[in-house]
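Residues in the sequence shown are numbered from 10 upward in steps of one, following the numbering used here. By construction, the Cβ of each residue, glycine as well, lies at the ideal position given by its N, Cα and C atoms. Quantities reported herein were computed from a predicted structural model and do not represent experimental measurements.
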Amino acid sequence: MKVKNYIYSRYSGINSILLLGKDRKIRDEYVMTKFYEQWKLPARYWKLGLSEAISNIKSGWSNIKLRIKAQVKENDNLKNDDKHYINYILKSNELYHSILTRKEIEIPKVFKDKELNYQYLNNLIRRYTRKYKNKIPYSNKNTTFSIDTGLYSYKEGYINITCAKKGKRLPIKLTDRNIRNNTLKVKIIDDKLEIHCPLKVETKKHKDFVNTIGIDKGYKYLFAVSSGKLYGENLNHYLNKETERLNKINSTRNRFYALYKKNLELGNINKANNILENNLGKTKYIKNKLKHDKTVKSYINYSLNQLIKEEKPKEIVMENLDFVNWNNIYPKSIKRKLSRWIKGYIKERIEYKCDYNNINYTYINPAYTSKVCNICGRFGKRDNDVFECSNCGKLHSDINASKNILNRKYDEEISLYTKFIKVKSILENRLSINN
Ligand SMILES: [Zn+2]
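Encoded structure:
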C-alpha cells in the first residue's frame, strides 16, 4: 500500500505522461530511493504494488485521452483540421506533455501550412484534460493488496499468506475449497478479509437481440422505453420512504439539540454531554443509510435485468446524465430529482450490463425531449405522467420522452453538444416549415 501511494504521489501528476511505457525507469528510480528497505517489505510485495500502481496510472491517462477524443469528435465548433491537430497531439506523449506544461512546441510539419488557432486548441486540450483528470488515486485506506503465487500456499483448508515481516506466514481459514494459481487480491473490510480472484468474464452474445430502443430515466419509473413499456415503478416508493425517515431523524435530532443547548445554558454540563453523546450520534443513521442504499441498488439491477430480457436491445439510446449535471445552461426542470449517486450508479450499471451483453449504447442531447410531442413535434404541456399535445391529445409523458430520445439519435441537426437554445430554435423552425 505504501508502495502504491508513493508511486501515485510521485507519478500521477502531469509528468507521469512522459514515463508511460518506461516502467523500468520508474522501478530503477524507485530502488534507488531504498524506500523498500525502510519498510522492510519482501521484494515481491513492492514489485507487485509498483506494477499495479503503474498500470493504474497508465489506464488513467488512456481514459483521459479517450474521453477527450470523444468530446472533440462531437464538438461542432471544431473544423476537421482542428480535430486532426488535437488527435495528433494526443498520440505523442511528448507533445501532449509540452502542451500541458505550456512549453513552446514546434508546429508539426503536417500542420505547417494550415492556419489553425493553436492557442485556442492548446487551451482546449488543457481544459479537457483538467476536466477528466482524476484526483490522485491514493490507496490510503489500506484495504487492498495483491499477492502472486509465490506469496501464498494452501494447506488443509487454509491459505497461508506471506507476511510483510520476513519468514512469517498468516494462515487464513477458507470458506471454499478452490485452489487458485494466479495473482489474488486481498481486501480488508473491518475485521474481515476477502480474497478476490480474477475470473475471465465472458460476454454474452444474443442472436435475438435486434431492437434499437430509447430509454428515459425517470423519477416515478426507473425506465420508460420507446416500446411503450415501463420498468422499475417501485423506485419512487423506496426513495419516498427514505426521505420520510430522514425528515423524522432530523426532527428528533433538532429536538435533542435544543435540549442539549438548554442544559448547557442551565449549567448542567454532564447532562448536556450525555445528550450529545447518546442522541446526536451518527452510527445508527449511517447503518440505516447503507441498508437503504443496498435496497435501492438491488432494485435498480433487478429492473435493468428485466428491461434487457424483455426488450432484447442491440442498441440503447439515452440521455447523458453527466451532461445534464455539469451544464448549468439547462433549466432546472430537466434536472431530475434523483440524487447524484443514484444517477451515477444507474449509468454505471447500464454501461456494465450493455458491455456484458454486447449491447451498444449511445448518448444523445436530451434538450426538449420531454417537452415536444413525438408524433407531430409540437411543444406540449407536461403534468406528471401526462403529456398533452394540442394536436395529438394525451400521451404518457415518459414514454413520449423515450421516443423523442430514440429519434434524436437519427437527428442530423442536433448533436450531443448543440446548445439548449439552439435546439429550441431548430425545433421551432421545423414546426413553422411543416405548417
Ligand atoms: Zn402531437
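Ranked by how close their Cα comes to the Cα of Pro180, the residues Lys194, Ser162, Thr192, Leu193 have Ser162 in first place. By the criterion of at least three beta-carbon pairs nearer than 8 Å, the stretch 359-372 is in contact with the stretch 305-325. Closer than 7 Å to some heavy atom of ligand 1: that describes the Cβ of Ile384.
In this structure, Arg439 has its CB at a distance of at least 7 Å from all heavy atoms of ligand 1. Contact check between the stretch 262-282 and the stretch 223-239: fewer than three CB pairs, one atom from each, fall below 8 Å, which does not count as touching. When the beta-carbon positions are compared, Tyr370 and Met327 come within less than 8 Å of each other. With 16 or more other CB atoms across the displayed protein chains lying within 10 angstroms of its CB, Pro375 is buried.
DSSP places Asn369 inside the beta strand (DSSP E), whose first and last residues are 369-373. For Thr252, the enclosing alpha helix (DSSP H) covers residues 244-275.
Under the DSSP assignment, Tyr161 falls outside any alpha helix (DSSP H), being part of the beta strand (DSSP E) whose first and last residues are 161-164. Asn409 sits buried, since 16 or more C-beta atoms from the chains shown fall within 10 Å of its C-beta. Assigned with DSSP and collapsed to three states, Asn169 falls in strand. The secondary-structure analysis by DSSP pairs Lys194 across a beta bridge with Ser155, His205.
Between Lys412 and Asn383, the beta carbon gap of about 4 Å places them in contact (Cβ cut-off 8 Å).
At the C-beta level, Glu203 and Lys196 come within 8 Å of one another. The nearest non-hydrogen atom of ligand 1 is less than 7 Å from the C-beta of Arg387. For Ile23, the three-state secondary structure derived from DSSP is coil. DSSP, read as helix, strand or coil, puts Ala79 in helix. At a Cβ-Cβ threshold of 8 Å, Leu425 and Tyr372 count as neighbours. Glu328 is bridged by DSSP to Ile373. A direct Cα-to-Cα measurement between His93 and Asn72 gives close to 19 Å. Put simply, the backbone Cα of Ile351 is about 26 Å away from that of His205. Take Ile26, set aside five residues on each side of it, and the residues of its chain with a beta-carbon closer than 8 Å to its own are Trp70, Asn102, Tyr105, His106, Leu109, in chain order. Within the chosen limit of 7 Å, ligand 1 reaches the beta carbon of Cys401 through at least one heavy atom. Bounds of the beta strand (DSSP E) holding His405 are 402-405. For Cys398, DSSP records a beta bridge to Gly402. Annotated three-state conformation of Lys390 is strand, per DSSP.
Under DSSP, Asp225 forms a beta bridge with Ala233. Residue nearest to Ile95 within the set Gly241, Asp392, Ile134, Asn169 is Ile134 (criterion: CA-CA distance). Here DSSP, grouped into helix, strand and coil, assigns Leu179 to strand. Look at Tyr419 here: in three-state DSSP terms it is coil, with no helix or strand label. Close CB contacts of Ile77 within its chain, under the 8 Å cut and outside five residues either way in sequence, are with Ile95, Leu99, Ile134, Tyr137, Thr138, Tyr141 (chain order). Approximately 19 Å separates the beta-carbon atoms of Gly159 and Leu183; this is outside 8 Å, ruling out the contact. In terms of CA proximity to His246, Val305 leads the group Asp90, Ile442, Asn314, Val305.
A distance criterion of 7 Å places the beta-carbon of Cys206 beyond contact range of ligand 1, judged by its closest non-hydrogen atom. With a cutoff of 8 Å on beta-carbon distance, His215 and Glu251 are scored as not near each other.
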